[in-house]
Amino acid sequence: MFLVFVCLLVFNVGNMDKGLTFILLTLITVNVAESRVIPSVSDLNILPVHRGCCFGYQNYDHLDVVLTLPDACLRLICNNGEIEAQYVGKPGQRDCCEFNGLLYADKSELPLQCFTFECRKGHWYTNGTIHDCCKHCALYNDPHIKTFDGHSYDWHGTCNYSVAQPSFTHSPEFGIFSDFSACNGRASCLSRTTFKDNSNTVIVFDHGMTSSYTVNGELKTVTSLGVSQVTSSVGIHPVLVWKCNQCLAMAGSSQLTILVCPNRMDVWAHPSHTGNLNGLCGHFSSYKDDDFTTRNNIVEPLTKFPMAFPSSWMTSDQGNPACSDPCPECFKSETEDPCKAGEKAKKIYRERCRKSLRDVIQDNDNLSQVHLDACAFDVCVMIQNGAGDKDVEEWLRQLLEVVRMTRFVGGGSICDPCSKGCNKLYDPVCGTDGKTYGNPCILEVAICNDKTLGLKHKGECGDTCVQACPENYDPVCGTDGRTYGNNCALGVASCMNKCIGFKHVGECSPGCPIEICTLEYRPICGSNGVTYGNECSFNSAKCDNPCLEKRHDGECLSQIGRSSSQESPDLDDNLDLGKILNAENAVNAENAVNAENAIHAKNAVSAENADNAVHAKNAGNAENAVNAENAVNAINAVFALNLVKSDTAEKHIVPPLRLAPTGSEG
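Laid out in structure tokens, this is it:
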């Protein structure tokens, strides 16, 4: 009512006395001032102000992650000026994985990714399986493009283009951008690709060097198997990287995954991007007809050779100055087919491609037909522009790898990051798990699947002979007369039985060969103390007993003076070799007797060389070591007839020994 009165008053103020008007306006002002309600803080809906934190000479905003400690499953958070500890999982849990500032418990999966990543003992693992819900875009050869929604087309521009990015802006928060360079005459090929995962992570790939990349300008090389996190001088970035044959794969916090190969690139988008991704990979909407949505949000008609649609996705970052010039033709919806060959020539090109790609294509297969058409186009453009047979064949060889990767992707997975083609060479190494591995490559694969495993030492692991061997059949024959599937399998047998060694390549002949030996007498002393008439007789015996070794040429000493036709042991039966032990300064080797520090061997006695020195048959000894014929001893070790007795020598009493009779004693 009061407002109505004021309105009427103002309407009639021109007809009133100026003095009365002033009084009335003053009263109105006072009345309004008295009736004004001062709002409270809650009425103004003012948000509370939170304090930041200072940690390690650095400032953090409220709710910022200050520090993550995956090993302890702990992270520190700034909470209104205070540093707060947050644990993942149960108290005392360890070996968590970190991604984008968040911690994940052991055996948990990373969400919102197109590949399955599992946390195992503090490390991320993937088997390369692709989630069905994600959409796939491919750019290959020179280049042929398949959009997220399945439309195929060719584009041969030579500028920098947005492959996939949110909305239509020239400054997207994330995205994938590629340079196309001229190749194969009028066509173009992938040259360099930029993966911007976030404003702090810009990764650049060279398609000709797919073992390395740069992150924020810093060069990085992928040398090990398995999944690792992208790092730089500023710390860890929210991107996982792994090697896949000749390609590099990356999955980022942007929920995009990229596979960069020579002459090929694949992009997977998580369904959370539906309706928001654009670029050469098309408008991601699960609706093919709007794939050719330009940067101006105009939907162009689908065609095999578009012009306006791909041209609109040129970026503002162009290395080629010509790409910044006006392009009147770029507004055309369609361009011409660069291949000018007739149908007969195209058929010839197609058959040539079929022959070159026969290992990876199938008859009546849609995917094969797509790649045959693309290959025939490439060959046409190359020949049309003067390429020779050698250049064409090299390109076809590269296309074979491109199509092979397409088969992998079409099967719902790419390569396992822990897979590696290890050779068959047996070069054993011992792992920290106590197992022997055929060669360092096989151990490397095992380490990739279990990061807690490592190399203990080169060579086999003592008596532990559990072995991971390849399954290829490349037979070798062992000295035990058995055929082994490959060198690795023979190595396992050799580890379990030191008497078994390598005999020859190929399968063993059944049984020991029948040897007809001559009567030529060139005696050999065997490790069993038996004298064999010649090498043929010795080899025949060794076939039956792989542990038999040659001790020396000539008769065994115990048989000197006996009939050389006899095969008798080197020592009398009443001499128990198992009791030839050493305690500190005792040594016996072939007719040697020890009594504290005195030794006699083969009628040789040394007394003046006291201080634990012994001489027998031109053998010198110092500091409690004795050598007699082939015997070597060091403190607390026993050797007799090439036998070395164990560490427990000190626990035994050395009994008086009786000399074995020599030939002269008859």
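With mature numbering (1 follows the signal peptide of the UniProt record, and there is no 0) applied, the sequence shown covers -35 to -1, 1 to 631. Where a beta carbon is used, it is the ideal one built from N, C-alpha and C, also for glycine.
The Cβ atoms of Gln220 and His202 lie no closer than 8 Å to each other.
Non-local C-beta neighbours of Gln327 in its own chain, meaning closer than 6 Å and more than five positions away in sequence, comprise Ser333, ordered along the chain. Asp518 sits in a strand when the DSSP states are folded into three classes.
Non-local C-beta neighbours of Asn261 in its own chain, meaning closer than 7 Å and more than five positions away in sequence, comprise Ser277, ordered along the chain. For Tyr391 against Pro275, the beta-carbon gap comes to about 54 Å, at or over 8 Å, which does not count as contact. Rounded to whole angstroms, the Cβ separation of Asp343 and Asn106 is 6 Å, and the two are in contact under 8 Å. Per DSSP, the continuous beta strand (DSSP E) segment holding Glu183 begins and ends at 183 to 186. If you compare the alpha carbons of Ser136, Leu28, Ser218 with that of Phe82, the shortest gap goes to Ser218.
Within the model, the alpha-carbon separation for Gly200 versus Asp29 is close to 16 Å. Of the candidates Ser298, Asn45, Ser250, the residue whose Cα lies closest to the Cα of Leu267 is Ser298. Among the bridge pairs identified by DSSP, Pro271 is matched with Glu299.
Between Ile379 and Ala214 a beta carbon distance of about 7 Å is seen, short of the 8 Å cut, so the two are scored as contacting. For Asp144, the uninterrupted beta strand (DSSP E) segment begins and ends at 140 to 148. Gly244 counts as buried, since at least 16 other C-beta atoms from the protein chains shown sit within 10 angstroms of its C-beta. Beta-carbon to beta-carbon, Cys473 and Cys442 are separated by about 4 Å, close enough to satisfy the 8 Å threshold. The three-state secondary structure of Ala339, taken from DSSP, is helix. Per the Cβ contact rule, the region 127 to 143 is not in contact with the region 309 to 328 (fewer than 3 Cβ pairs under 8 Å).
Taking each of Leu190, His121, Leu32 in turn and checking the Cα distance to Glu63, the smallest one comes out for Leu32. Boundaries of the alpha helix (DSSP H) around Asp509: 500 to 509.
In this structure, Cys212 keeps its C-beta atom at 8 Å or more from the C-beta atom of Thr179. 8 Å or more divides the Cβ of Leu224 from the Cβ of Cys246. Assigned with DSSP and collapsed to three states, Asn452 falls in helix. Cβ contact annotation for Ser177 (same chain, cutoff 8 Å, sequence separation greater than five): Asp171, Leu184, Lys185, Thr186, Val187, in chain order. For Cys508 against Thr483, the beta-carbon gap comes to about 18 Å, at or over 8 Å, which does not count as contact. Looking at the DSSP output, Thr166 bridges to Asn163. Every beta strand (DSSP E) of 3 residues or more that sits fully in the region 214 to 239 is shown, in chain order, as 221 to 226, 229 to 234. Across the structure, Leu104 and Asn92 are spaced so that their CA atoms are roughly 23 Å apart. Ala50: member of the beta strand (DSSP E) spanning 47 to 52, first to last residue. Between the alpha carbons of Arg85 and Asp415 lies a gap of roughly 8 Å.
Within the same chain, and ignoring the five residues on either side of Ala306 in sequence, the residues whose Cβ sits closer than 6 Å to its Cβ are Cys345. The three-state reading of DSSP puts Glu74 in strand, counting E and B together. In this structure, DSSP gives Cys383 a state outside helix and strand, which the three-state scheme calls coil. The beta carbons of Asn228 and Leu155 sit closer together than 8 Å.
At a Cβ-Cβ threshold of 8 Å, Trp233 and Pro382 do not count as neighbours. Counting along the chain, no alpha helix (DSSP H) covers Val325, and no H or E run does either.
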